[in-house]
Amino acid sequence: MSLGAHLLEFRKRLMLAAAGLLVGMIVAFLITDPIIAFITEPINQVAKTSDTLVALTYDSVTAPFDLRMRIAFSIGIFLSAPIWMWQLWAFIMPGLTRKEIRYTVGFLGAALPLFFAGCYVGTLVVPHVIELMASFTAEGATNLYEAKKYYDFVFKMMMVIGVAFVLPVFLVVLNFAGVLSGKAILKGWRVAVLIATTFAALATPAADVVSMLMLAGMLTVLYFAAAGLTLLLDRRRRKRRIAEGLDPDLRTA
Numbered sequence: 000m001s002l003g004a005h006l007l008e009f010r011k012r013l014m015l016a017a018a019g020l021l022v023g024m025i026v027a028f029l030i031t032d033p034i035i036a037f038i039t040e041p042i043n044q045v046a047k048t049s050d051t052l053v054a055l056t057y058d059s060v061t062a063p064f065d066l067r068m069r070i071a072f073s074i075g076i077f078l079s080a081p082i083w084m085w086q087l088w089a090f091i092m093p094g095l096t097r098k099e100i101r102y103t104v105g106f107l108g109a110a111l112p113l114f115f116a117g118c119y120v121g122t123l124v125v126p127h128v129i130e131l132m133a134s135f136t137a138e139g140a141t142n143l144y145e146a147k148k149y150y151d152f153v154f155k156m157m158m159v160i161g162v163a164f165v166l167p168v169f170l171v172v173l174n175f176a177g178v179l180s181g182k183a184i185l186k187g188w189r190v191a192v193l194i195a196t197t198f199a200a201l202a203t204p205a206a207d208v209v210s211m212l213m214l215a216g217m218l219t220v221l222y223f224a225a226a227g228l229t230l231l232l233d234r235r236r237r238k239r240r241i242a243e244g245l246d247p248d249l250r251t252a
């Protein structure tokens, strides 16, 4: 295809992806009420157990609508993911080899469930964070959460934890590419545990030890699972190279 044909194809795929996102946003906008009720439940729990005033506030006339549009956009991305991911895949697939296609499908098949699992863990961690932070409110003070900032906090926490769950998949990809061996990945377990613990400590309040240990433990388990898988892959490659009469230690050191 010429450059012009590629640009036309890209525009076509982009328009279809945008249309899918628009449909997803419309659907998401219709279900914003239960979503708002879900993310504000921790505030309601704090209000029930606290003597201070706790409430979600809006700082302008259009703020309630703005919050719903933010929710519609972010949730719409998830709902329309099959459409825009397929359009992206259909655009780049013709330029990939059969082996690269197989690796890409495998990566997405592992990364997407882990990402959504991380987002789910985020929904479990965030309420503890909010309740714990509210416990430090001085006597006589009030907790008034601005809606936009509150939603951004919840959404970013879920995204960060979701992305953290996908990181072990990148280790497997690097192993496939011959950049890291399974032994090298396993050898770095001490650094991985330190990074997982540090990340968990930054993502959760310092006083919430239970949430921190839960998140750090999950990340550590995923790391060791990735290390174990890469060791099995290295073993298979070594056996295959021995059968072919080649150097068995090549790319497995």
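Quick note: the sequence shown, position 198, residue 197 per our numbering, numbers continuous.
Where is the CB? At the ideal position from N, CA and C, for every residue including glycine.
Source: prediction; values computed, not measured.
Whole-angstrom distance between Val22 and Phe169, CA atom to CA atom: If you number the sequence shown from 1, residue 169 lands on position 170. If you number the sequence shown from 1, residue 22 lands on position 23. The straight-line gap separating the alpha-carbon atoms of Phe169 and Val22 is approximately 31 Å.
6 Å CB neighbourhood of Ile70 in its chain, flanking five on each side removed: Translated into positions along the sequence shown, residue 70 becomes position 71. Excluding residues within five positions, the ones whose Cβ falls inside 6 Å are Thr31, Ile34.
Sort Val128, Leu20, Pro63, Gly227 by Cα distance to Val209 and report the nearest one. By one-based count along the sequence shown, residue 209 stands at place 210. Relative to Val209, the option among Val128, Leu20, Pro63, Gly227 whose CA is nearest is Val128.
Go ahead and label Phe114 buried or exposed: buried means 16 or more other beta carbons lie within 10 angstroms of its beta carbon, across all protein chains shown. What you label residue 114 is simply residue 115 of the sequence shown in a count that begins at 1. Buried, since its Cβ has 16 or more Cβ neighbours within 10 Å.
Cβ-based burial, Ser59 [other Cβ within 10 Å; buried from 16]: Your numbering for residue 59 matches position 60 in the sequence shown. Classification of Ser59: exposed, given that the 10 Å Cβ count is below 16.
Might you give, ordered along the chain, the residues of its own chain that have their beta carbon closer than 8 Å to the beta carbon of Ala224, omitting 5 neighbours on each side? Taking the first residue of the sequence shown as 1, we reach residue 224 at position 225. Taken in chain order, the residues that qualify are Pro167.
If contacts are defined as beta-carbon pairs under 8 Å, then Leu55 and Ile42 qualify, I think. What distance do you get, rounded to the angstrom? Residue numbering aside, residue 55 sits at position 56 when the sequence shown is read from its first letter. Residue numbering aside, residue 42 sits at position 43 when the sequence shown is read from its first letter. Rounded, the Cβ-Cβ distance is 6 Å, consistent with contact.
Under three-state DSSP, which class holds Tyr144? Here the question's residue 144 lines up with position 145 in the sequence shown. Residue state, collapsed to three classes: strand.
Gly19 and Trp88 look like a contact to me (Cβ under 8 Å); what is the Cβ gap, rounded to whole Å? Taking the sequence shown and counting its residues from 1, one reaches residue 19 at position 20. Taking the sequence shown and counting its residues from 1, one reaches residue 88 at position 89. About 13 Å; that fails the 8 Å criterion.
For Met157, does the count of other Cβ atoms within 10 angstroms reach 16, so buried, or fall short, so exposed? The count along the sequence shown starts at 1 and reaches residue 157 at position 158. Answer is buried; the Cβ neighbour count reaches 16.
In the DSSP output, what is Val53 paired with across the bridge? If you number the sequence shown from 1, residue 53 lands on position 54. Beta-bridge annotation (DSSP): Val53 is paired with Asn142.
Exposed or buried, Met211, counting other C-beta atoms within 10 Å across all chains shown (16 or more means buried)? Translated into the one-based positions of the sequence shown, residue 211 becomes position 212. Flag for Met211 reads buried.
Is it right to say Gly177 is buried, meaning 16 or more other beta carbons lie within 10 angstroms of its own, or is it exposed? Mapped onto the sequence shown, residue 177 falls at position 178. Exposed is the call here.
Give me the Cβ distance between Lys147 and Asp65, rounded to the nearest whole Å; I'm assuming they're in contact under 8 Å. Your numbering for residue 147 matches position 148 in the sequence shown. Your numbering for residue 65 matches position 66 in the sequence shown. Correct: roughly 7 Å between the Cβ atoms.
Report yes or no: do the stretch 171–188 and the stretch 132–140 share at least 3 C-beta pairs separated by less than 8 Å? Not touching, per the Cβ criterion.
Taking all protein chains shown into account, do 16 or more other C-beta atoms lie within 10 angstroms of the C-beta of Ile25, making it buried, or fewer, making it exposed? Working through the sequence shown from its first residue, we reach residue 25 at position 26. Residue environment: Ile25 is assigned as exposed (fewer than 16 neighbouring CB atoms within 10 Å of its CB, all protein chains considered).
What is the DSSP secondary structure of Phe273, counted as helix, strand or coil? The displayed coordinates of the chain run from 0 to 252. Any statement about residue 273 would go beyond what the structure contains.
Report yes if the CB atom of Leu230 is closer than 8 Å to the CB atom of Leu185, and no otherwise. Residue mapping note: residue 230 aligns to position 231 of the sequence shown, counting from 1. Residue mapping note: residue 185 aligns to position 186 of the sequence shown, counting from 1. Leu185 is positioned such that its CB atom lies closer than 8 Å to that of Leu230.
Any heavy atom of the ligand FMN closer than 7 Å to the beta-carbon of Phe175? Summarising the ligand content, the structure contains no ligands, and the ligand FMN is consequently not present.
Would you tell me roughly how many angstroms separate the C-alpha atoms of Ala252 and Gly161, rounded to the nearest one? As a position in the sequence shown, residue 252 is number 253, starting the count at 1. As a position in the sequence shown, residue 161 is number 162, starting the count at 1. Residue placement at Ala252 is poorly supported in this model, since its pLDDT is 44, which falls under 50; the coordinates still yield a value, given next. The alpha-carbon atoms of Ala252 and Gly161 are separated by roughly 32 Å.
Count the other C-beta atoms from every protein chain shown that fall within 10 angstroms of the C-beta of Gly117, then say buried if there are 16 or more, exposed otherwise. Counting from one through the sequence shown, the residue named residue 117 turns up at place 118. Counting other Cβ atoms within 10 Å of its Cβ, Gly117 reaches 16 or more and is therefore classed as buried.
Contact with chain D by Lys182, beta-carbon distance below 8 Å: In the structure shown, chain D cannot be found, because there is only a single protein chain.
Cα-Cα separation, Glu145 to Thr197: The count along the sequence shown starts at 1 and reaches residue 145 at position 146. The count along the sequence shown starts at 1 and reaches residue 197 at position 198. Using only the alpha carbons, I get a separation of about 29 Å.
Could you work out which residue in Thr39, Thr96, Asp233, Thr122 is closest to Ala183 when comparing CA atoms only? Counting from 1 along the sequence shown, the entry for residue 183 is found at position 184. Comparing Cα positions, the closest option is Asp233.
Assigned exposure category for Ser134 - 16 Cβ within 10 Å defines buried: Taking the sequence shown and counting its residues from 1, one reaches residue 134 at position 135. Counting C-beta atoms within 10 angstroms of its own C-beta, Ser134 has fewer than 16 neighbours from the protein chains shown and is therefore classed as exposed.
Quick one: Cα of Val171 to Cα of Arg10, how far? For the purposes of this step, residue 171 is taken as residue 172 along the sequence shown, with counting starting at 1. For the purposes of this step, residue 10 is taken as residue 11 along the sequence shown, with counting starting at 1. Near 33 Å, if we compare the C-alpha coordinates of Arg10 and Val171.
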